[in-house]
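Asker:
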Amino acid sequence: MRIAHFGHSCILVELNGAKVLFDPGTFAHGFEGITGLDAIAVTHQHPDHIDPNRIEALIEANPTARLLSDPQTAQQRAEGWEPVSAGQVLELGELQITGGGGRHAVIHPEIPVVDNTVFQLGTAADPAQLVHPGDSLWVPPVPVGVLAIPAAAPWMRIWDAVDYLRAVNPRTAIPIHHGIIDPSAQGIFFGRLSEMAPAGTEFRVIEPEDHDQF
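Start counting the sequence shown at 0; every next residue gets the next number (numbering that gives the first Met the number 0).
In structure tokens form, the structure reads like this:
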């Protein structure tokens with residue numbers, strides 16, 4: 000598995016012969032020139048996860064990529080987007096994609112809760128080699144290889160992030176969704192997650208527009 004991070008929740012995952020770009024939103028950068036994608040996956044409709052000003056150019060540069068998203072985003076966007084619901088299983092060549100979760104974390108009781116699809120990438124035998132939860136703390140029912148864990152969010156405390164990391168207990172965790180905090184403060188969040196991760200979990204930071212092997 001090869002993962003590149005383009006800021007906030009936008010990561011490029013190369014696994015089992017497929018290239019999937021997640022959540023190219025307003026806080027992400029450097030993904031604009033990517034070509035050769037097999038899929039573009041959007042967890043939910045918020046602009047920090049799908050940038051309305053850049054998504055069409057990305058689609059034009061990747062005309063054969065499957066467009067996958069939560070049901071509400073698929074309904075709102077132009078024709079061609081495939082809704083992915085919890086429990087749904089898709090095949091992308093040798094890559095299996097499984098939907099999970101279904102709802103965005105609650106920001107405030109007065110703010111409507113939108114759809115949020117958790118994407119699990121892997122195979123039939125090992126379906127969660129990578130998990131991108133979007134804006135949710137949904138715990139997969141199977142062992143997780145790499146968890147892209149939200150490190151900071153308006154709907155979450157560090158306490159919540161630590162408990163989520165412990166509940167999932169992945170082999171490796173990489174932080175995402177930290178575009179909302181000043182870079183000088185990222186170490187506070189990363190430090191807590193690294194120090195309080197469960198035994199056996201590796202916490203690894205991928206620098207912006209860099210990549211790593213897993």
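Where is the CB? At the ideal position from N, CA and C, for every residue including glycine.
Which residue comes first and which comes last in the beta strand (DSSP E) that contains Trp80?
Answerer: From DSSP, the beta strand (DSSP E) with Trp80 extends over Trp80 to Pro82.
Asker: To the nearest angstrom, how far is it from the Cα of Arg212 to the Cα of Val12?
Answerer: According to the sequence displayed, residue 212 carries Gln and not Arg. Looking at the two C-alpha atoms, the distance is approximately 10 Å.
Asker: How is Met195 classed by DSSP in three states: helix, strand or coil?
Answerer: Here Met195 sits in helix by DSSP.
Asker: Between Pro46, Gln44, Asp69 and Tyr163, which has its C-alpha nearest Pro197's C-alpha?
Answerer: Looking at the Cα atoms, Tyr163 is the closest of the given residues.
Asker: Using the beta-carbon count (16 or more within 10 Å), is Ser135 buried or exposed?
Answerer: Classification of Ser135: buried, given that the 10 Å Cβ count is 16 or more.
Asker: Tell me which residues share the same chain as Ala27 and place their Cβ nearer than 6 Å to its Cβ, disregarding the 5 neighbours each side in the sequence.
Answerer: If we look at Ala27 and ignore the five residues flanking it on each side, its Cβ neighbours are Phe5, Gly6, His7 and Cys9.
Asker: Note down the Cα distance separating Pro62 from Asp37, rounded to an integer number of angstroms.
Answerer: Each residue's alpha carbon lies about 9 Å from the other.
Asker: In terms of residues, what are the limits of the beta strand (DSSP E) holding Glu90?
Answerer: It spans Val88 to Leu91 - the beta strand (DSSP E) in which Glu90 sits, taken as one unbroken run.
Asker: Using 8 Å as the threshold, is the segment 106-121 in touch with the segment 61-81, meaning 3 or more CB pairs across them?
Answerer: Touching, yes.
Asker: Quick check: what's the CA-CA separation for Gly16 versus His131?
Answerer: Distance between the alpha carbons of Gly16 and His131 is about 18 Å.
Asker: Residues in its own chain within less than 7 Å of Asp159 by CB, not counting five upstream and five downstream?
Answerer: Closer than 7 Å at Cβ, skipping near neighbours: Leu136.
Asker: Buried or exposed: where does Gln74 fall if 16 or more other Cβ atoms within 10 Å of its Cβ makes it buried?
Answerer: Gln74 should be labelled exposed.
Asker: Could you give the distance in angstroms between the alpha-carbon of Ala172 and the alpha-carbon of Ser193?
Answerer: Approximately 9 Å between the Cα atoms of the pair.
Asker: Only counting the same chain, and skipping five residues up and downstream in sequence, which positions put a Cβ closer than 7 Å to that of His176?
Answerer: His7, Ser8, Pro149, Ala150, Ala151 and Ala152.
Asker: So what's Thr72 in DSSP terms, helix, strand or just coil?
Answerer: Note: Thr72 maps to helix in three-state DSSP.
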